[in-house]
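In our numbering, the protein residues as written are -14 to 404. Scroll down for the structure; my scribbles are underneath it.
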C-alpha cells in the first residue's frame, strides 16, 4: 500500500478453541487495544512488521499460545506525471488563431486539478485538462501543473514539459469598393458597376457580393441594373493563399442604394422674357454657354441668342432633356411687378391683382404651363383687377402683364382643384 492508506489484517485460528484471545504487534511491540481477530490501521511505516499472538482456550491445544508469521508492510514508491501536447493548430502558428493544448497524466487520482501557465504565469480559469487560447505571442512557453489526488504518489504536484510557440504576425486586411460605372443616387433600371479592392489579403482573394445580406455575385467586379431603393450592397473578401491574416474574412462598409423613377422630361415655353416649365420640380437649365442659374420662381431668363433646354431631377435620377427652345430675339424689356400683390395664391377660382392704390393700364394674358394662351383681358386705369380661373383645369398658370411701352412682367399662379 501507500503511506497513510488504511490496512486491515485478519487472524485465522487453528485449534483456537471456542474463544481464543489475540494480541496484535508491530515490530514485536504490542498495539494497545488491538485484541480482536482483525486489526485496522493507517499509521504503519515502510518495512513495519505485523504479527498476531493467539492464546487458545481449547483443552487439546499445545502449546496454548502461538505467534503468527509476520507481514512486512511495503510502501509503494509511485509518482504522478503530466505531459502536454498541442492537439489543434500548428507550430509555427498564425497570430490570433485558436490553439488547443491537452494534458495527459499518470497516477493523478480521481478528479485531479490542473493549472495552465504561459511564461510561468498562471492563466485565470485555465484549470481543466484542455487549454484553448488565441492570444499567444511569439516565443511564449506553455506549461501545465498537475495537482494529483492519489494519496500514494510521492509528488502530488508535478509540472509538465514546456511547449515553446512560434507565432507569425498576421496582416490586418481591409476591403472596400467603388462605383466604376453608373451612379448612386440614380434611376431604377440603370446599370451600376462596383469594383472591390482588398488590402493586405494576399494576391488572389475571393470576393462575394452581398445585397441585403444575401450572397448575389462573386468576383472583384459586380454590376446590376435591378437595384431597388434602399438595397444595401457590401462585399466580403476571403484569403486563399493560406497566409496569416487577422481576420481571414473581412467586410466592406455597406452602401445604401438610392434609386428613383426616371422623371418625364419637362416641356419648356417662352412667356414674356422668361422660359418656364410645365410642372414644379427641381430643374437644371442649359443655354448656349452650358449650364445656367435659375431665375426667380425657378424660371430661366435668356441673356443670349441660342438654344435652351432643361432637365429635371428626382433624387439623383435625371430626366431626358426637354424640348429645345431657340431664342432669336432679346429686346423685350422687363416690367417690374414686385410691388403688385397676387392673392389668393394658390387659388381654386379667382385671383386678385392688387397694385395697392396705384392706377395702371396693362394688357393681360394668361398662359398655361406649356405656354399656350388661355385667356386675355385688360386692366384700364384701375388699381385692382380680378381674374377668374375657375373654368380652367388645375395646374400652374402664368399671368403676363404688358404696358404701353412694351415691357412685360410675369407672375405665376397655382390653381388647385375645386373641392
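We treat Cβ as the ideally placed atom computed from N, Cα and C, and that holds for glycine. Note that the structure is a prediction, hence the values are computed from the model and not measured.
- A straight line joining the alpha-carbon of residue 84 with that of residue 74 spans about 5 Å.
- Taken through DSSP and simplified to helix, strand or coil, residue 283 comes out as helix.
- For residue 9, the pairing in a beta bridge is given by DSSP as 37.
- In terms of Cβ geometry, residue 252 and residue 308 form a close pair [threshold 8 Å].
- The shortest C-alpha to C-alpha distance from residue 295 to any of 319, 264 and 323 is the one to 264.
- Within the region 80 to 108, complete beta strand (DSSP E) segments of at least 3 residues are found at 84 to 91 and 98 to 103, given in chain order.
- Distance between residue 239 and residue 166, taken at the CA atoms: about 18 Å.
- Rounded to the nearest angstrom, the gap between the Cα atoms of residue 36 and residue -5 is 10 Å.
- In the DSSP annotation of this structure, residue 135 is not part of any beta strand (DSSP E), being labelled neither H nor E.
- From the listed residues 16, 381, 155 and 400, the smallest Cα separation to residue 230 is found for 155.
- When the five nearest sequence neighbours on each side are left out, the beta carbons in the same chain lying within less than 6 Å of the beta carbon of residue 273 are those of 289 and 291, in order along the chain.
- When DSSP assignments are scanned along the region 342 to 401, the uninterrupted stretches of beta strand (DSSP E) that are 3 or more residues long and fall wholly within it turn out to be 345 to 352, 358 to 367, 369 to 373, 380 to 387 and 393 to 400.
- Excluding its 5 nearest sequence neighbours in each direction, residue 266 has C-beta neighbours in its own chain below 6 Å: 297, listed in chain order.
- In this structure, residue 386 and residue 331 do not form a Cβ contact; the two beta carbons are roughly 19 Å apart against a cut-off of 8 Å.
- In the same chain as residue 55, and ignoring 5 residues on each side of it, the C-beta atoms closer than 8 Å to its own belong to 34, 35 and 36, in chain order.
- Taking residue 95 as the centre and dropping the five residues before and after it, the same chain places the C-beta of 134 closer than 7 Å to its C-beta, in chain order.
- In this structure the region 180 to 187 does not touch the region 208 to 215; the number of beta carbon pairs closer than 8 Å is below three.
- Boundaries of the beta strand (DSSP E) around residue 200: 199 to 203.
- Secondary structure of residue 335 (DSSP, three-state): strand.
- Excluding the 5 residues flanking it on each side, residue 132 has same chain C-beta neighbours closer than 8 Å at 97, 98, 99, 100, 141 and 142, in chain order.
- Of the candidates -8, 3, 11 and 12, -8 places its Cα closest to the Cα of residue 26.
- For the pair residue 59 and residue 148, the CB atoms are not nearer than the 8 Å cut-off.
- Unbroken beta strand (DSSP E) runs of no fewer than 3 residues, entirely contained in the region 204 to 287, are found at 206 to 209, 217 to 223, 234 to 236, 253 to 256, 259 to 262, 267 to 272 and 275 to 277, following chain order.
- In the structure shown, residue 166 falls within a strand segment according to DSSP collapsed to helix, strand and coil.
- Residue environment for residue 67: buried (at least 16 other C-beta atoms within 10 angstroms of its C-beta).
- For residue 70, the uninterrupted beta strand (DSSP E) run begins and ends at 66 to 73, by DSSP.
- For residue 340, the three-state secondary structure derived from DSSP is coil.
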